[in-house]
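All remarks here apply to the structure that follows.
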Amino acid sequence: MKKLVGLKRPVRTKPFPVWPVYDKLEQKALENTLKSNKWGCIDGNKVSEFEKKFANFHNAKFGICVNSGTKALEIALKALGIKSGDEVIVPAYTFIATAYAVAEVGATPVFVDIDNNSYNISPIEIEKAITKKTKAIIPVYFGGMPADMDSILKIAKKHNLFILEDAAQAHGSEYKGKKVGTIGDISIFSFQSSKNMTCGEGGIILTNNETLAKKCKSLVNCGRKEGEPWYMHYTLGGNSRLTEFQAAILLAQLTRVKKHNEIREKNAKLLTEKLKQIKGIEPLERDKNVTTNSYHLYIFKYKSKYFNGIPRDKFIKALNEEGIPASGGYIMPLTRQPAFNSKIGETADFSLRYSQIHLPACEQACKEAVWLPHYVLLGDKKDVEDIVEAIKKIQKHI
Ligand SMILES: Cc1ncc(COP(=O)(O)O)c(C=O)c1O
15 MKKLVGLKRP
25 VRTKPFPVWP
35 VYDKLEQKAL
45 ENTLKSNKWG
55 CIDGNKVSEF
65 EKKFANFHNA
75 KFGICVNSGT
85 KALEIALKAL
95 GIKSGDEVIV
105 PAYTFIATAY
115 AVAEVGATPV
125 FVDIDNNSYN
135 ISPIEIEKAI
145 TKKTKAIIPV
155 YFGGMPADMD
165 SILKIAKKHN
175 LFILEDAAQA
185 HGSEYKGKKV
195 GTIGDISIFS
205 FQSSKNMTCG
215 EGGIILTNNE
225 TLAKKCKSLV
235 NCGRKEGEPW
245 YMHYTLGGNS
255 RLTEFQAAIL
265 LAQLTRVKKH
275 NEIREKNAKL
285 LTEKLKQIKG
295 IEPLERDKNV
305 TTNSYHLYIF
315 KYKSKYFNGI
325 PRDKFIKALN
335 EEGIPASGGY
345 IMPLTRQPAF
355 NSKIGETADF
365 SLRYSQIHLP
375 ACEQACKEAV
385 WLPHYVLLGD
395 KKDVEDIVEA
405 IKKIQKHI
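Everything in the sequence shown is counted per our numbering, starting at 15 for the first residue and increasing by one.
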């Protein structure tokens with residue numbers, strides 16, 4: 015097939031760093047767990063060791079491992095007591111799990127627009143969406159960048175609302191010098207395979223609140239209570255436990271998070287400087303309070319008028335042909351997903367028809383965002399220069 019830019023040699027033939035990263039640490043940890051004959055967290059101590067270490071890394075008192083980030087959201091909401099009749103404010107530009115979990119506990123997700131500069135939930139829109147039924151806000155740290163938490167904390171305090179931080183993409187991110195995870199009441203992280211630290215699938219809940227931590231622990235483990243008989247069940251909870259193998263891998267992965275964040279921050283800074291010089295490419299703005307962005311995604315806006323009117327998706331295809339991994343991300347705001355619209359969806363039973371809600375900043379982001387995966391920032395200066403060169407080449411020749 016004919017290449018879009020028409021010049022034979024792609025800018026980049028060398029692959030970017032492969033993700034996930036592993037070495038002898040993971041190999042040894044897996045082998046040790048295998049040989050220990052303690053494969054489940056009921057028998058072994060890797061899960062509890064990881065819970066402590068990950069919580070400690072984020073300066074949280076309690077960590078509770080869960081078998082996915084989605085389940086972690088659901089359990090955190092249940093622990094907060096969110097139920098049918100309650101409303102929970104979520105951004106419409108996020109992975110479906112954020113809103114699915116709200117619906118799964120029987121509450122109503124209330125979708126609000128994002129801030130056009132950061133792609134994070136807009137505090138102004140949050141305030142407008144509050145009703146008597148609102149119980150919680152879920153700010154998503156999109157791409158790893160903490161949201162405007164000063165404003166969100168103020169709103170939550172004023173209206174007596176819980177904050178559940180969706181830090182699925184934000185391992186080690188910092189806001190005003192403080193790690194994310196305990197800025198609100200409770201938080202979740204994901205360890206799914208694309209995430210900045212991973213064990214294939216998995217998640218964790220963090221909190222400083224002992225009551226919430228105990229509730230979560232019980233909900234993850236069939237409604238049991240620590241120290242009580244095995245066949246006593248105090249609440250309706252399923253089995254959402256992580257395995258010892260997963261925790262063994264995560265313990266190894268955790269040793270690299272800080273270093274990886276530093277490398278990504280350094281490369282992202284250089285990339286932003288260079289991209290800002292290209293007409294039609296606008297990197298997302300960084301909130302002045304963001305100390306560390308984990309850069310799960312590096313995102314910039316693409317303005318087609320500076321690229322001869324070439325649509326965003328064609329630009330991304332050309333970028334891929336130049337050897338740069340990139341995607342357009344979410345294809346529509348969650349409000350337009352079939353799952354949230356009873357008329358077109360197969361599973362929705364909401365009386366609300368979300369697709370009638372117009373969220374202009376979310377719509378715009380779905381049209382003009384370009385996402386680069388975090389591992390393209392794990393290399394060196396040459397990798398960054400290749401991304402810039404590829405974009406310049408496309409602009410010149412497409
Ligand atoms: C913002 C956000 N929230 C929640 C999740 C759910 O995590 P998991 O895939 O581990 O269930 C994800 C994962 O992609 C996510 O990106």
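Cβ coordinates follow ideal geometry from the N, Cα and C atoms, glycine included.
Keep in mind that this is a model prediction, so the values were computed, not measured.
Let me know the secondary structure DSSP gives residue i once reduced to three states.
i: residue 235; result: strand
i: residue 123; result: strand
i: residue 355; result: strand
i: residue 320; result: helix
i: residue 26; result: coil
i: residue 367; result: strand
i: residue 35; result: coil
i: residue 412; result: coil
i: residue 310; result: coil
i: residue 372; result: coil
Could you tell me the alpha carbon to alpha carbon distance between residue i and residue j, rounded to whole angstroms?
i: residue 50; j: residue 84; result: 30 Å
i: residue 68; j: residue 271; result: 11 Å
i: residue 332; j: residue 408; result: 7 Å
i: residue 100; j: residue 393; result: 46 Å
i: residue 174; j: residue 94; result: 13 Å
i: residue 236; j: residue 246; result: 9 Å
i: residue 117; j: residue 376; result: 20 Å
i: residue 63; j: residue 77; result: 10 Å
i: residue 132; j: residue 156; result: 8 Å
i: residue 75; j: residue 164; result: 22 Å
i: residue 233; j: residue 343; result: 32 Å
i: residue 30; j: residue 389; result: 7 Å
i: residue 231; j: residue 239; result: 8 Å
i: residue 134; j: residue 108; result: 9 Å
i: residue 105; j: residue 126; result: 5 Å
i: residue 189; j: residue 180; result: 14 Å
i: residue 354; j: residue 45; result: 44 Å
i: residue 110; j: residue 89; result: 16 Å
i: residue 33; j: residue 208; result: 8 Å
i: residue 177; j: residue 91; result: 10 Å
i: residue 98; j: residue 412; result: 53 Å
i: residue 294; j: residue 400; result: 18 Å
i: residue 402; j: residue 298; result: 16 Å
i: residue 24; j: residue 384; result: 19 Å
i: residue 301; j: residue 210; result: 21 Å
i: residue 250; j: residue 124; result: 26 Å
i: residue 326; j: residue 345; result: 12 Å
Along the alpha helix (DSSP H) that carries residue i, what are the first and last residues, could you check?
i: residue 392; result: No alpha helix (DSSP H) holds residue 392; DSSP gives it neither H nor E.
i: residue 327; result: 326-335
i: residue 140; result: 137-143
i: residue 112; result: 111-118
i: residue 154; result: Counting along the chain, residue 154 falls outside any alpha helix (DSSP H), and DSSP gives it neither H nor E.
i: residue 69; result: 60-71
Check the DSSP bridge columns for residue i and list the partner residues they point to.
i: residue 84; result: Residue 84 pairs with nothing; no bridge assigned.
i: residue 383; result: 315
i: residue 79; result: 218
i: residue 253; result: 235
i: residue 243; result: Bridge partners of residue 243: none, in fact.
i: residue 105; result: 126
i: residue 179; result: 201
i: residue 192; result: 189
i: residue 54; result: 257
i: residue 165; result: BP columns for residue 165 are empty, so no partner.
i: residue 267; result: In DSSP, residue 267 forms no bridge with anything.
i: residue 206; result: 214
i: residue 98; result: BP columns for residue 98 are empty, so no partner.
i: residue 341; result: 385
In the DSSP assignment, find the unbroken beta strand (DSSP E) run with residue i in it and report its ends.
i: residue 297; result: 295-297
i: residue 304; result: 304-306
i: residue 148; result: 148-151
Inset, instruction - Would you check if there are 3 or more beta carbon pairs closer than 8 Å linking the region 258-277 to the region 43-61? - result: At 8 Å Cβ cutoff, the stretches touch.
Legend entry - Any 3 or more C-beta pairs closer than 8 Å across the region 219-235 and the region 194-203: Taking 8 Å as the limit for Cβ pairs, the verdict is that the region 194-203 does touch the region 219-235.
Inset, instruction - Check whether the region 127-146 touches the region 276-290, counting contact only when three or more Cβ pairs, one atom from each stretch, lie closer than 8 Å. - result: Under the 8 Å Cβ criterion, the region 127-146 does not count as touching the region 276-290, having fewer than three qualifying pairs.
Inset, instruction - Spell out a yes or no on whether the region 318-329 and the region 296-310 are touching, meaning 3 or more CB-CB pairs, one atom from each, closer than 8 Å. - result: Using a C-beta cut-off of 8 Å, the region 318-329 makes no contact with the region 296-310, since fewer than three inter-stretch Cβ pairs fall below that distance.
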